[in-house]
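Written below as structure tokens is the structure these notes are about.
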Amino acid sequence: MPTSVEAPARTGPAATAALCGVVLIYTVLESMLAPALPLIQAGVDASAASIAWVFTGPGLAAAVCTPLISRLADVHDKKKVFFGVLAVVVAGVVLAGAATSVLVLAVGQTLQGAGLGFVPLALGILRDSQDQATARNGNGLVIGLSGFGVVAGLLLAGPLLTVLPYRWLYWIPLAVLLLIGAVAFRLLPAMAPADRGSVDWAGAGLLGTGLLALLIGVTMAPTWGWGSVAFLALEAGAVACLVLFVVVERRVDQPLVDFRVGGRAVLVTCGVAFTVGWSTVTTSLTMPTIVAAPPAVGYGLGSDAATAGLLLVPLGVVAMVAASLTGRLERIVGSRPLMVLSCLPIVAAVAAMFAGRHDAWVLALSSGLMGLGTGIGLTQAMNVVAESVPARRVTSVSGLVLVIRAVGGTLGAQVAGSLLGSDTVAGTPLPTWPAFSLVFLVGTVVAIAAAATAFTLPRHAASR
């Protein structure tokens, strides 16, 4: 059996559009559920604690499954793996949409977490079936649409919930997902495996256990306390598993994540991806709170959720456009300068938030700058991965980068939540403006650290 394809099957614009459509609809589906949380909670008679775990489930599942899905795509036909993931997601949507108990809902939501694997799979398919320039543009489109889908889902949820029961937030995307999936199945060619190797199940177990312990600990820290024995023990276990994972991966012949390829370039891309995840989630967390707060507390617009959604639209739209233009920008300024420059709009976006306590236009500007930085940053990270590692490892390393982004988002959300909850306006649950300022300061430090790390991108990786 050959290890690669000498003349790879080519995909046309229609197939690329179908891949992007699956990514977009999946992202819209997942982001539409947050505004419907109270309705879903009532529909399955769930407690506040249990409904929170239902929506933590997909994130945890994604962190565990994405590296495994990515490696399966390296050693099997990517088309088969893609539609295998689609089948799991469809099963999850059906279960969640029909659920009458919180347990069934939790299982359905957790199955949907496998859908994060759509992005590295789509990038791997484009890498194997397109020339380098076209694949870069396709990377930008896939990543840009995944960002735009988050904002689109938040905007669509409100109008749909005014005329339809919350279960239609599952059924409508499910119908569209099945339709686009059928089109993609017809258009995508079969693809021979990029690698003859096998799946490192021991490594998958260690990585999954380590990430699960890490994210559960961070998620529960505000409840347990950051200095509690339970939190510290769980995080110590997570570190032990992840260190052991690295040791195992360096010794096995067919590692899940090959630390011998890519080198510093992969570390740099992971740093930028972490910053993208941290910054996007903290913006989505802080901006709606600022918008809804009454001006009497010293900040805020005293507006509604619809206004908050509109102010987040620039993030998604600019991210989509910026991601699609990243390939062209790289040809103009070079790979390493573009990686560094991608962090600067994130710094500017956070700086703008300092001045946005009463001004909607400042918040909109911050949202757009955040979209510019995150759109370019994540797309360029994926382009550097594609240029720095062997073709047989592109999908698995891309999956690792996306997992790091998810970890950054989870850590950012929990750190921001803890900081905001630690200092509230007297007599209200609202954070003080100094608490917001501290969140923005931490975000600035994270973005500057990523920019400094990007300066270390090896020249050979930046010029390939």
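Heads up: the sequence shown begins at -1 in my numbering, then just goes up one per residue.
We put the beta carbon where it would ideally sit given N, CA and C, even for glycine.
Spatial distance of residue i from residue j (CA atoms)
i           : j           : result
residue 280 : residue 407 : 8 Å
residue 138 : residue 330 : 16 Å
residue 175 : residue 24  : 7 Å
residue 211 : residue 57  : 13 Å
residue 204 : residue 215 : 16 Å
residue 425 : residue 284 : 20 Å
residue 135 : residue 14  : 11 Å
residue 390 : residue 348 : 38 Å
residue 355 : residue 243 : 45 Å
residue 286 : residue 265 : 33 Å
residue 11  : residue 188 : 17 Å
residue 343 : residue 19  : 28 Å
residue 220 : residue 229 : 10 Å
residue 86  : residue 80  : 10 Å
residue 451 : residue 340 : 12 Å
residue 120 : residue 67  : 12 Å
residue 153 : residue 304 : 7 Å
residue 308 : residue 282 : 12 Å
residue 415 : residue 127 : 43 Å
residue 155 : residue 169 : 13 Å
residue 292 : residue 234 : 42 Å
residue 385 : residue 346 : 29 Å
residue 217 : residue 273 : 18 Å
residue 209 : residue 300 : 39 Å
Where residue i falls, given that 16 or more other Cβ within 10 Å makes a residue buried
i           : result
residue 202 : buried
residue 223 : exposed
residue 101 : exposed
residue 462 : Here the model assigns residue 462 a pLDDT of 47, short of 50, so the residue's position is not dependable, and the following value carries that caveat. Exposed, by the Cβ-count rule.
residue 421 : exposed
residue 99  : exposed
residue 453 : exposed
residue 124 : buried
residue 338 : buried
residue 237 : exposed
residue 160 : exposed
residue 373 : buried
residue 0   : Unreliable placement is indicated for residue 0, whose pLDDT of 43 sits below 50; the coordinate value is still reported in the next sentence. It is exposed - the Cβ of residue 0 has fewer than 16 other Cβ atoms within 10 Å.
residue 104 : buried
residue 225 : exposed
residue 383 : buried
Other residues of its chain near residue i: CB distance less than 8 Å, five sequence neighbours each side excluded
i           : result
residue 276 : 406, 407, 409, 410, 441 and 444
residue 117 : 21, 140, 141, 144, 396 and 400
residue 262 : 454, 455, 456 and 459
residue 403 : 271, 272, 274, 275 and 376
Candidates the options, of which the one nearest residue i by Cα
i           : options              : result
residue 332 : 381, 306 and 307     : 381
residue 393 : 86, 43 and 77        : 77
residue 437 : 267, 449, 413 and 93 : 413
residue 114 : 93, 100, 31 and 83   : 83
residue 92  : 142, 18, 167 and 347 : 167
residue 145 : 21, 99 and 262       : 21
residue 190 : 246, 173 and 70      : 70
residue 376 : 433, 448 and 125     : 448
residue 63  : 206, 302 and 278     : 206
residue 296 : 80, 428 and 67       : 428
residue 41  : 317, 95 and 309      : 95
residue 158 : 122, 345 and 33      : 33
residue 371 : 234, 327 and 208     : 327
residue 357 : 169, 97 and 306      : 306
residue 213 : 60, 44, 430 and 385  : 60
residue 35  : 299, 165 and 291     : 165
Same chain, Cβ closer than 7 Å to residue i, neighbours up to 5 away in sequence not counted
i           : result
residue 16  : 178, 181, 182 and 185
residue 312 : 362, 365, 366 and 369
residue 433 : 417, 418, 420 and 421
residue 379 : 267, 270, 271 and 399
residue 435 : 352
residue 317 : 142, 145, 146, 369, 372 and 373
residue 310 : 149, 152, 282, 285 and 365
Neighbourhood of residue i by C-beta, 6 Å cutoff - its chain only, sequence neighbours within 5 removed
i           : result
residue 490 : Examination of residue 490 is not possible in this model, given that the chain is present from -1 through 462 alone.
residue 90  : 106, 109 and 110
residue 360 : 350, 353 and 354
residue 250 : 198
residue 322 : 138, 139 and 142
residue 278 : 372
beta-carbon residue i near the ligand NAP non-hydrogen atom, thresh 7 Å
i           : result
residue 125 : For the structure depicted, the ligand NAP is absent and the ligand set is empty, with no information on it obtainable.
| field | Segments of 3+ residues assigned as beta strand (DSSP E) that fall wholly inside the stretch 329 to 392 | value | none
| query | Going along the chain, which unbroken runs of the beta strand (DSSP E) with 3 or more residues stay wholly within the stretch 386 to 453? | reply | none
| At which residue ranges does the stretch 116 to 149 contain complete alpha helix (DSSP H) runs of 4 or more residues, listed in the order of the chain? | 116 to 127
| task | Could you tell me which uninterrupted alpha helix (DSSP H) segments, each at least 4 residues in length, are contained entirely in the stretch 166 to 239, listed from first to last along the chain? | result | 166 to 185 and 199 to 222
| Length at least 4, wholly inside the stretch 61 to 103: the alpha helix (DSSP H) runs in chain order | 76 to 96
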